[in-house]
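Heads up, the sequence shown is in numbering that gives the first Met the number 0, so the first residue is 0 and it goes up one at a time. Right, one structure below, let's go through it.
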Amino acid sequence: MNSTSDASIVHHCLTIRGHAGAIYAMEHDGRFLYSAAADKFVTRWDLASGTQDKFAIKFEDVPYCLAFLRNNSLLVVGTNSGKLHVFDLETRTEIKCFHQHKTALFNITVNKVNKQFYTADADGNISVWCSETLGLLLSIPLNCGKIRRMVLDEKEAFLYIAAQSGHILQVDTQYFNLILTFDAHHGGATAIYLDSQNNVLYSGGKDAFLKCWDLTNGKLLHSLPAHNFVIYDILALSEDLLATVSRDKSIKIWNKKVLQVIEKVDAFKQGHHHSVNQLVYLG
(Lines of atoms letter the chains of each structure in order from A and count residues from 1; the text may use other names and numbers.)
(Lines give C-alpha, C1' and ligand atoms only; values in the text may rest on other atoms or scores of the structure.)
Protein backbone atom coordinates (compact mmCIF):
# COMPACT_ATOMS: atom_id res chain seq x y z
CA MET A 1 0.00 0.00 0.00
CA ASN A 2 1.33 3.42 -0.89
CA SER A 3 1.63 6.25 1.58
CA THR A 4 -1.21 8.76 1.42
CA SER A 5 0.92 11.61 0.07
CA ASP A 6 1.54 11.52 -3.68
CA ALA A 7 4.74 13.51 -3.11
CA SER A 8 6.20 10.93 -0.73
CA ILE A 9 9.59 9.45 -1.41
CA VAL A 10 8.92 6.57 0.97
CA HIS A 11 6.06 4.15 0.30
CA HIS A 12 4.81 1.47 2.65
CA CYS A 13 5.18 -1.95 1.02
CA LEU A 14 4.99 -4.55 3.77
CA THR A 15 4.58 -4.99 7.51
CA ILE A 16 6.06 -8.13 9.06
CA ARG A 17 4.60 -9.18 12.41
CA GLY A 18 5.68 -12.05 14.62
CA HIS A 19 8.13 -11.01 17.34
CA ALA A 20 6.86 -10.61 20.90
CA GLY A 21 9.39 -7.91 21.79
CA ALA A 22 11.50 -5.08 20.42
CA ILE A 23 13.59 -5.84 17.32
CA TYR A 24 17.25 -4.92 17.85
CA ALA A 25 19.04 -6.09 14.71
CA MET A 26 18.41 -7.22 11.13
CA GLU A 27 20.42 -8.73 8.28
CA HIS A 28 19.37 -9.97 4.85
CA ASP A 29 20.85 -12.20 2.14
CA GLY A 30 18.64 -11.05 -0.74
CA ARG A 31 15.98 -13.70 -0.17
CA PHE A 32 15.52 -13.81 3.59
CA LEU A 33 15.48 -11.21 6.36
CA TYR A 34 16.93 -12.29 9.71
CA SER A 35 15.78 -10.40 12.82
CA ALA A 36 16.92 -10.49 16.45
CA ALA A 37 14.48 -9.44 19.16
CA ALA A 38 13.81 -9.04 22.87
CA ASP A 39 11.71 -12.23 22.81
CA LYS A 40 15.10 -14.04 22.62
CA PHE A 41 14.51 -15.29 19.08
CA VAL A 42 16.41 -14.85 15.84
CA THR A 43 13.79 -15.40 13.16
CA ARG A 44 13.93 -15.67 9.38
CA TRP A 45 11.38 -14.10 7.03
CA ASP A 46 10.70 -14.46 3.33
CA LEU A 47 11.24 -11.00 1.85
CA ALA A 48 8.81 -11.52 -1.02
CA SER A 49 5.82 -12.48 1.12
CA GLY A 50 6.77 -11.33 4.62
CA THR A 51 5.96 -14.77 6.01
CA GLN A 52 8.04 -16.50 8.66
CA ASP A 53 10.36 -19.24 7.46
CA LYS A 54 10.80 -22.47 9.42
CA PHE A 55 14.25 -21.28 10.52
CA ALA A 56 14.20 -19.79 14.06
CA ILE A 57 16.69 -19.85 16.94
CA LYS A 58 15.70 -19.55 20.61
CA PHE A 59 18.38 -18.13 22.94
CA GLU A 60 18.83 -18.08 26.70
CA ASP A 61 19.79 -14.41 26.39
CA VAL A 62 18.56 -11.52 24.26
CA PRO A 63 20.27 -11.32 20.84
CA TYR A 64 21.45 -7.77 20.09
CA CYS A 65 23.46 -8.06 16.85
CA LEU A 66 23.82 -10.21 13.73
CA ALA A 67 26.26 -10.70 10.85
CA PHE A 68 26.93 -13.11 8.00
CA LEU A 69 30.29 -14.81 7.34
CA ARG A 70 31.71 -16.92 4.49
CA ASN A 71 29.36 -15.84 1.69
CA ASN A 72 26.32 -15.89 3.98
CA SER A 73 26.85 -19.53 4.97
CA LEU A 74 27.42 -18.68 8.65
CA LEU A 75 25.35 -16.48 10.94
CA VAL A 76 27.07 -14.83 13.92
CA VAL A 77 24.89 -13.63 16.81
CA GLY A 78 25.92 -11.50 19.80
CA THR A 79 23.80 -11.42 22.97
CA ASN A 80 23.23 -9.22 26.01
CA SER A 81 25.31 -11.60 28.15
CA GLY A 82 28.36 -11.22 25.90
CA LYS A 83 28.09 -14.66 24.31
CA LEU A 84 28.97 -14.94 20.63
CA HIS A 85 27.15 -17.74 18.79
CA VAL A 86 28.05 -19.05 15.32
CA PHE A 87 25.52 -21.03 13.26
CA ASP A 88 25.89 -23.00 10.05
CA LEU A 89 22.85 -21.96 8.00
CA GLU A 90 22.98 -24.99 5.72
CA THR A 91 22.95 -27.59 8.50
CA ARG A 92 21.04 -25.27 10.88
CA THR A 93 23.36 -26.12 13.75
CA GLU A 94 25.41 -24.10 16.22
CA ILE A 95 29.09 -24.75 15.56
CA LYS A 96 30.70 -22.37 18.07
CA CYS A 97 29.87 -20.38 21.19
CA PHE A 98 32.46 -17.94 22.53
CA HIS A 99 32.62 -16.33 25.97
CA GLN A 100 35.32 -13.76 25.20
CA HIS A 101 33.16 -10.76 26.16
CA LYS A 102 31.74 -10.34 29.66
CA THR A 103 29.15 -7.67 28.84
CA ALA A 104 26.54 -7.14 26.15
CA LEU A 105 27.59 -7.27 22.50
CA PHE A 106 26.09 -4.43 20.46
CA ASN A 107 27.78 -4.69 17.09
CA ILE A 108 29.47 -7.15 14.72
CA THR A 109 31.30 -5.74 11.70
CA VAL A 110 32.77 -7.92 8.94
CA ASN A 111 35.99 -7.05 7.08
CA LYS A 112 35.96 -9.15 3.88
CA VAL A 113 39.31 -7.80 2.68
CA ASN A 114 41.21 -8.91 5.79
CA LYS A 115 38.97 -11.96 6.33
CA GLN A 116 38.20 -10.75 9.82
CA PHE A 117 35.23 -9.68 11.88
CA TYR A 118 35.02 -7.38 14.88
CA THR A 119 32.80 -7.56 17.96
CA ALA A 120 32.19 -4.67 20.36
CA ASP A 121 30.76 -4.68 23.87
CA ALA A 122 29.29 -2.49 26.61
CA ASP A 123 32.65 -2.05 28.36
CA GLY A 124 34.37 -0.56 25.31
CA ASN A 125 36.23 -3.70 24.26
CA ILE A 126 36.71 -4.81 20.65
CA SER A 127 37.69 -8.35 19.69
CA VAL A 128 39.26 -9.17 16.33
CA TRP A 129 38.40 -12.61 14.92
CA CYS A 130 39.48 -14.62 11.88
CA SER A 131 36.50 -15.24 9.59
CA GLU A 132 38.08 -18.42 8.21
CA THR A 133 39.15 -20.22 11.40
CA LEU A 134 36.85 -18.34 13.84
CA GLY A 135 39.89 -17.90 16.05
CA LEU A 136 40.45 -14.87 18.29
CA LEU A 137 43.28 -12.70 16.94
CA LEU A 138 43.31 -9.68 19.22
CA SER A 139 41.45 -8.03 22.09
CA ILE A 140 41.47 -4.22 22.26
CA PRO A 141 40.35 -2.41 25.45
CA LEU A 142 39.46 1.10 24.29
CA ASN A 143 38.05 2.32 27.63
CA CYS A 144 35.49 4.44 25.79
CA GLY A 145 32.28 3.05 27.30
CA LYS A 146 29.61 1.16 25.41
CA ILE A 147 30.28 0.73 21.68
CA ARG A 148 26.98 0.71 19.78
CA ARG A 149 28.16 0.95 16.19
CA MET A 150 31.21 0.34 14.00
CA VAL A 151 31.64 0.91 10.25
CA LEU A 152 34.46 0.34 7.76
CA ASP A 153 35.64 2.63 5.00
CA GLU A 154 35.25 1.58 1.36
CA LYS A 155 38.67 -0.13 1.23
CA GLU A 156 38.10 -1.63 4.69
CA ALA A 157 41.42 -0.17 5.83
CA PHE A 158 39.92 1.88 8.67
CA LEU A 159 37.35 1.09 11.33
CA TYR A 160 35.18 3.90 12.75
CA ILE A 161 33.73 3.39 16.22
CA ALA A 162 30.81 5.19 17.92
CA ALA A 163 31.49 5.28 21.67
CA GLN A 164 29.54 6.09 24.83
CA SER A 165 32.27 8.57 25.76
CA GLY A 166 30.86 10.78 23.00
CA HIS A 167 33.82 10.19 20.73
CA ILE A 168 34.11 8.65 17.29
CA LEU A 169 37.38 6.74 16.96
CA GLN A 170 39.25 5.90 13.76
CA VAL A 171 41.42 2.77 13.96
CA ASP A 172 43.48 1.22 11.17
CA THR A 173 42.68 -2.44 10.43
CA GLN A 174 46.29 -3.55 9.89
CA TYR A 175 47.87 -2.73 13.25
CA PHE A 176 44.75 -1.40 15.05
CA ASN A 177 46.37 1.87 16.02
CA LEU A 178 44.20 4.83 16.94
CA ILE A 179 44.47 7.33 14.07
CA LEU A 180 41.89 10.02 14.78
CA THR A 181 39.34 10.97 17.44
CA PHE A 182 36.24 13.15 17.02
CA ASP A 183 34.67 14.67 20.13
CA ALA A 184 31.25 14.19 18.60
CA HIS A 185 28.19 13.90 20.87
CA HIS A 186 27.22 14.87 24.40
CA GLY A 187 26.09 11.76 26.27
CA GLY A 188 27.43 9.31 23.71
CA ALA A 189 27.82 8.60 20.00
CA THR A 190 25.34 5.94 18.88
CA ALA A 191 25.23 5.87 15.07
CA ILE A 192 27.63 6.45 12.18
CA TYR A 193 27.54 6.28 8.40
CA LEU A 194 30.64 6.71 6.24
CA ASP A 195 30.45 8.31 2.79
CA SER A 196 33.81 7.24 1.37
CA GLN A 197 33.13 8.82 -2.04
CA ASN A 198 32.89 12.30 -0.53
CA ASN A 199 35.25 11.62 2.39
CA VAL A 200 32.69 12.60 5.02
CA LEU A 201 31.24 10.85 8.04
CA TYR A 202 27.73 11.30 9.44
CA SER A 203 27.11 10.67 13.13
CA GLY A 204 24.19 10.59 15.54
CA GLY A 205 24.11 10.54 19.30
CA LYS A 206 22.19 10.52 22.55
CA ASP A 207 21.94 14.29 22.16
CA ALA A 208 19.65 13.60 19.14
CA PHE A 209 21.96 15.66 16.89
CA LEU A 210 22.94 14.66 13.36
CA LYS A 211 26.45 15.78 12.45
CA CYS A 212 28.65 15.67 9.36
CA TRP A 213 32.46 15.55 9.54
CA ASP A 214 35.27 16.10 7.04
CA LEU A 215 37.48 13.01 7.31
CA THR A 216 40.55 14.74 5.90
CA ASN A 217 40.92 17.04 8.90
CA GLY A 218 38.23 16.09 11.42
CA LYS A 219 36.40 19.39 10.89
CA LEU A 220 32.70 19.59 11.74
CA LEU A 221 30.77 20.57 8.59
CA HIS A 222 27.14 20.40 9.78
CA SER A 223 25.39 19.98 13.12
CA LEU A 224 21.65 20.12 13.79
CA PRO A 225 19.01 18.72 16.15
CA ALA A 226 17.52 15.88 14.11
CA HIS A 227 15.21 13.92 16.44
CA ASN A 228 13.52 14.20 19.83
CA PHE A 229 15.55 11.35 21.33
CA VAL A 230 18.69 9.29 20.66
CA ILE A 231 19.53 8.43 17.03
CA TYR A 232 20.07 4.69 16.63
CA ASP A 233 21.00 4.30 12.97
CA ILE A 234 22.00 6.22 9.82
CA LEU A 235 21.87 4.80 6.30
CA ALA A 236 22.32 6.19 2.79
CA LEU A 237 19.45 5.41 0.41
CA SER A 238 21.09 6.94 -2.66
CA GLU A 239 23.74 9.50 -3.61
CA ASP A 240 21.40 12.27 -2.47
CA LEU A 241 19.30 10.71 0.31
CA LEU A 242 20.09 9.75 3.90
CA ALA A 243 17.81 8.08 6.46
CA THR A 244 17.94 8.29 10.26
CA VAL A 245 15.94 6.42 12.91
CA SER A 246 15.39 7.18 16.55
CA ARG A 247 13.93 6.24 19.89
CA ASP A 248 11.33 8.92 19.12
CA LYS A 249 9.66 6.26 16.87
CA SER A 250 10.33 8.11 13.63
CA ILE A 251 12.28 7.62 10.41
CA LYS A 252 13.53 10.78 8.70
CA ILE A 253 14.69 11.12 5.11
CA TRP A 254 17.30 13.83 4.49
CA ASN A 255 18.91 15.64 1.60
CA LYS A 256 22.41 14.34 2.22
CA LYS A 257 24.33 17.37 1.00
CA VAL A 258 22.56 20.10 2.99
CA LEU A 259 21.07 17.91 5.77
CA GLN A 260 17.53 19.12 5.24
CA VAL A 261 14.56 16.91 6.12
CA ILE A 262 12.57 15.85 3.07
CA GLU A 263 10.15 13.44 4.71
CA LYS A 264 9.22 12.05 8.12
CA VAL A 265 7.74 8.58 8.56
CA ASP A 266 5.93 7.88 11.83
CA ALA A 267 2.88 5.98 13.08
CA PHE A 268 0.59 8.36 11.19
CA LYS A 269 2.26 7.28 7.92
CA GLN A 270 2.20 3.53 8.58
CA GLY A 271 5.45 3.71 10.52
CA HIS A 272 6.36 2.50 14.00
CA HIS A 273 4.65 2.89 17.38
CA HIS A 274 7.84 2.23 19.33
CA SER A 275 11.57 2.95 19.08
CA VAL A 276 13.14 2.33 15.65
CA ASN A 277 16.47 0.63 16.27
CA GLN A 278 18.01 -0.26 12.91
CA LEU A 279 17.76 0.15 9.14
CA VAL A 280 18.67 -2.28 6.37
CA TYR A 281 18.64 -1.39 2.68
CA LEU A 282 17.13 -3.96 0.30
CA GLY A 283 17.55 -2.04 -2.95
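Each residue gets a CB set at the ideal place from its N, CA and C atoms; glycine is no exception.
What residues in its chain sit with their C-beta under 6 Å from that of residue i, if we drop five residues either side in the sequence?
{"i": "S164", "result": "C143 and G144"}
{"i": "L137", "result": "V127"}
What's the call for residue i, buried or exposed, on a 16-neighbour Cβ count within 10 Å?
{"i": "H184", "result": "buried"}
{"i": "H84", "result": "buried"}
{"i": "C96", "result": "exposed"}
{"i": "A156", "result": "exposed"}
{"i": "A225", "result": "buried"}
{"i": "Y174", "result": "exposed"}
{"i": "T132", "result": "exposed"}
{"i": "T178", "result": "Looking at the sequence shown, residue 178 is not Thr but Ile. So I178 ends up on the exposed side."}
{"i": "Y192", "result": "buried"}
Who are the near neighbours of residue i in its chain, counting only those whose CB is closer than 7 Å to its CB and skipping five residues on each side?
{"i": "R69", "result": "S130"}
{"i": "R30", "result": "L46"}
{"i": "L278", "result": "D232, L234, A242 and V244"}
{"i": "F208", "result": "H184, S222, L223, P224 and A225"}
Skipping 5 residues on each side, what residues in its chain have a beta carbon closer than 8 Å to that of residue i?
{"i": "T215", "result": "N198"}
{"i": "D239", "result": "N254, K255 and K256"}
If you compare alpha carbons, which of the options is closest to residue i?
{"i": "G49", "options": "I15, Y23, Y33 and L73", "result": "I15"}
{"i": "N276", "options": "N106, D28, F175 and S138", "result": "N106"}
{"i": "A24", "options": "V61, S195 and K248", "result": "V61"}
{"i": "I56", "options": "T92, K114, A21 and C12", "result": "T92"}
{"i": "Y33", "options": "Y63, D265 and S7", "result": "Y63"}
{"i": "S52", "options": "G186, L65, L88 and E59", "result": "It is Asp, not Ser, that sits at residue 52 in the sequence shown. Minimum Cα distance to D52 is reached at L88."}
{"i": "H18", "options": "H27, V9, L219 and V41", "result": "V41"}
{"i": "I139", "options": "I125, D152 and R147", "result": "I125"}
{"i": "K101", "options": "G81, F181 and Q115", "result": "G81"}
{"i": "I252", "options": "L65, E262 and L258", "result": "E262"}
Any beta-carbon of chain D closer than 8 Å to the one on residue i?
{"i": "F86", "result": "Of the protein chains in the structure, only one exists, and it is not chain D."}
Identify whether residue i lies in helix, strand or coil by the three-state DSSP scheme.
{"i": "K255", "result": "coil"}
{"i": "T189", "result": "strand"}
{"i": "T3", "result": "Note that T3 has pLDDT 39, beneath the 50 cutoff, so the model's placement of it is unreliable and no number is given."}
{"i": "G77", "result": "strand"}
{"i": "R246", "result": "coil"}
{"i": "G165", "result": "coil"}
{"i": "D87", "result": "strand"}
My understanding is that residue i touches residue j, with C-beta atoms under 8 Å, so please give their C-beta distance in whole angstroms.
{"i": "T243", "j": "G203", "result": "6 Å"}
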